[in-house]
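Asker: Positions in the sequence shown are counted from 1; adding 74 to them yields my numbering.
Don't be surprised by glycine CBs; every beta carbon is placed ideally from N, CA and C.
Every value quoted in this text rests on a predicted model; they were computed, and no experiment measured them.
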Amino acid sequence: MSKRALITGITGQDGSYLAEHLLAMGYEVHGLVRRVALEDPERRFTRIAHLLDRIQLHAASLESYPSIFQVVSHHEFDECYHLAAQSFVAESFSDGFSTMNTNINGTHYMLAALRELRPACHFYFAGSSEMFGKVREAPQSETTPFHPRSPYGISKVAGFDLTRNYREAYGMFCSSGILFNHEGPRRGFEFVTRKITSTVARIHYGQATELRLGNLDAKRDWGHAEDYVRAMHLMLQLEEPDDFVIASGESHTVREFCELAFGEVGLNYRDYVVTDERFYRPAEVESLIGDSSKARRVLNWRPRYDFAQLVKLMVQNDLEFVSRGSVGLARRSAGPD
Ligand code: G4F
75 MSKRALITGI TGQDGSYLAE HLLAMGYEVH GLVRRVALED PERRFTRIAH LLDRIQLHAA
135 SLESYPSIFQ VVSHHEFDEC YHLAAQSFVA ESFSDGFSTM NTNINGTHYM LAALRELRPA
195 CHFYFAGSSE MFGKVREAPQ SETTPFHPRS PYGISKVAGF DLTRNYREAY GMFCSSGILF
255 NHEGPRRGFE FVTRKITSTV ARIHYGQATE LRLGNLDAKR DWGHAEDYVR AMHLMLQLEE
315 PDDFVIASGE SHTVREFCEL AFGEVGLNYR DYVVTDERFY RPAEVESLIG DSSKARRVLN
375 WRPRYDFAQL VKLMVQNDLE FVSRGSVGLA RRSAGPD
């Protein structure tokens, strides 16, 4: 009998990679999507277009408990991966209330519906290295205290605490991955890596002349999302629920990312990058580096891509994308940076 999984946020970068991974392992994959997505499939389903005939999508909103309850009541899910969220940190400063509502209540509704209807379902919560925020130690591990620096980070700490509380209070199998930044060719254009690689490609083809960025000295631990979704699945196969840091263990500045990305097309980033106050955050997470030794030991998880491969892959992908004329269109539908 194949296992049945429910993915919230299936149309996003991680959701699409995870759906592919689970399908390859013989899972029956279901996705929870907003009704607007079902009504506008061309634009909303670009990352999962190639999977649509193999997955089952259900309309529900993270803001509506009844809609989630209905989906969960109709299918016996073995595993639930709760990835859906307002995940853009900068946006959470502009509209902290929506971020909190969606991210905290959405997680609570998922947990409450599963407790009521499918208490044996294994639950994964997408925690984030943004929870460490103003870091107390380096590298950050499962025991590092949290000090979030944005409404997004605060909402993720609340989701993490809710997940742990359902585990401890109701004995449910609830685990959190504390994932450091993970990127790839399907990354949204508003995140710094994709903003850089897509603009490098546009500059290369003469469609742009500069790249406006905020804090170039921020340091991040970047990996490939394809590697990170494998860890999510491994966590739910354990005998006991637990929380895991997933990270590459290397930290690089935004500046270094620019240097490599521009270098891919033979350009010097200093000739194109302009710093712009608009892209600075009211409170920045200056430096992140993860210690994923627990995941490597317990889950036997290893990333396949390193930093240089990731940058190269993303630039090559965007060069192809721009040459097909797809970047302008995709960037416009993604909204402002
Ligand atoms: O790419 P970012 O927007 O990602 P951020 O804020 O680190 O968050 C991402 O990773 C988290 C995991 O730790 C996830 F939980 C979260 O959902 C998201 O996926 O920004 C990375 C860094 C920041 O320090 C930012 O200040 O890049 C800096 N940056 C500099 N200029 C910029 C820009 N970021 C963006 N998005 N745009 C800029 O122009």
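1) Hey, how far is the Cα of tyrosine 139 from the Cα of asparagine 255?
2) Could you check whether the Cβ of arginine 355 sits closer than 6 Å to any heavy atom belonging to the ligand G4F?
3) How about asparagine 289: is its Cβ closer than 6 Å to a heavy atom in the ligand G4F?
4) Quick one: which unbroken alpha helix (DSSP H) runs of 4-plus residues sit fully inside the region 302 to 379? Chain order, please.
5) Provide the residue(s) that pair with serine 76 in DSSP beta bridges, ordered along the chain.
6) To the nearest angstrom, how far is the alpha carbon of arginine 128 from that of serine 161?
7) Just to confirm my understanding: we take alanine 369, look at its own chain, exclude 5 residues before and 5 after, and list those with CB closer than 7 Å. What are they?
8) What residue range is occupied by the uninterrupted alpha helix (DSSP H) comprising histidine 149?
9) Sorted by chain position, which residues of the same chain lie with C-beta nearer than 8 Å to tryptophan 244's C-beta, five sequence neighbours on each side aside?
10) So, helix, strand or coil for lysine 293, using DSSP?
11) Just to confirm my understanding: we take serine 366, look at its own chain, exclude 5 residues before and 5 after, and list those with CB closer than 7 Å. What are they?
12) With H, G and I counted as helix, E and B as strand and the rest as coil, what does DSSP make of alanine 200?
13) Are the beta-carbon atoms belonging to lysine 230 and methionine 246 less than 7 Å from one another?
14) From phenylalanine 234 to valine 274, what does the alpha carbon distance come to, in whole angstroms?
15) Cβ-heavy atom distance between asparagine 255 and the ligand G4F below 6 Å?
16) Using beta-carbon positions only, say whether isoleucine 363 and proline 213 come within less than 7 Å of one another.
17) Is the distance from the Cβ of serine 250 to the Cβ of phenylalanine 199 below 7 Å?
18) Can you give me the C-alpha to C-alpha distance between arginine 210 and arginine 329, rounded to a whole angstrom?
19) Indicate the three-state DSSP secondary structure (helix, strand or coil) for valine 209 in the structure shown.
20) Is it the case that the Cβ atoms of leucine 80 and histidine 104 are separated by a distance below 7 Å?
21) Buried or exposed: serine 272, going by 16 or more other Cβ atoms within 10 Å of its Cβ?
22) With DSSP as the reference, label glutamate 137 as helix, strand or coil.
23) Can you tell me the Cβ-Cβ gap for aspartate 345 and glycine 288, rounded? I've got them flagged as a contact below 8 Å.
24) Does any heavy atom of the ligand G4F sit closer than 6 Å to the C-beta of valine 231?
25) Taking DSSP as the reference, what is the three-state secondary structure of serine 161?
26) Hey, out of Ser168, Glu314, Thr82, whose CA is closest to tyrosine 354's CA?
27) Keeping to the same chain, check which residues put their C-beta closer than 8 Å to that of serine 407; ignore five residues upstream and five downstream.
28) Cβ of valine 266 within 6 Å of any heavy atom in the ligand G4F?
Answerer: Per the coordinate set shown:
1) 29 Å
2) For arginine 355, the shortest C-beta to heavy atom distance toward the ligand G4F is below 6 Å.
3) yes
4) 328 to 338
5) The partner list for serine 76 (beta bridge, DSSP) is empty, contrary to what the question assumes.
6) Answer to the nearest angstrom: the Cα atoms are 26 Å apart.
7) Answer for alanine 369: Ala305, Phe318, Val319, Ile320, Trp375, listed in chain order.
8) Segment: none, histidine 149 is in no alpha helix (DSSP H) and carries neither H nor E.
9) Correcting the residue identity first, residue 244 is tyrosine in this sequence and not tryptophan. Here the set comprises Arg189, Pro193.
10) strand
11) Excluding sequence neighbours, serine 366 sits near Val319, Ile320, Ala321, Gly323.
12) Note: alanine 200 maps to strand in three-state DSSP.
13) no
14) Straight-line Cα distance between these residues: approximately 36 Å.
15) yes
16) yes
17) yes
18) 24 Å
19) coil
20) It is a contact, given that the beta carbons lie within the stated cut-off.
21) buried
22) Glutamate 137 falls in the coil class under three-state DSSP.
23) Incorrect: roughly 19 Å between the Cβ atoms, too far for contact.
24) no
25) coil
26) Ser168
27) The predicted model places serine 407 with a pLDDT of 45, which falls under 50 and marks its position as unreliable, so this point remains unresolved.
28) Correct: valine 266 has its Cβ closer than 6 Å to the ligand G4F.
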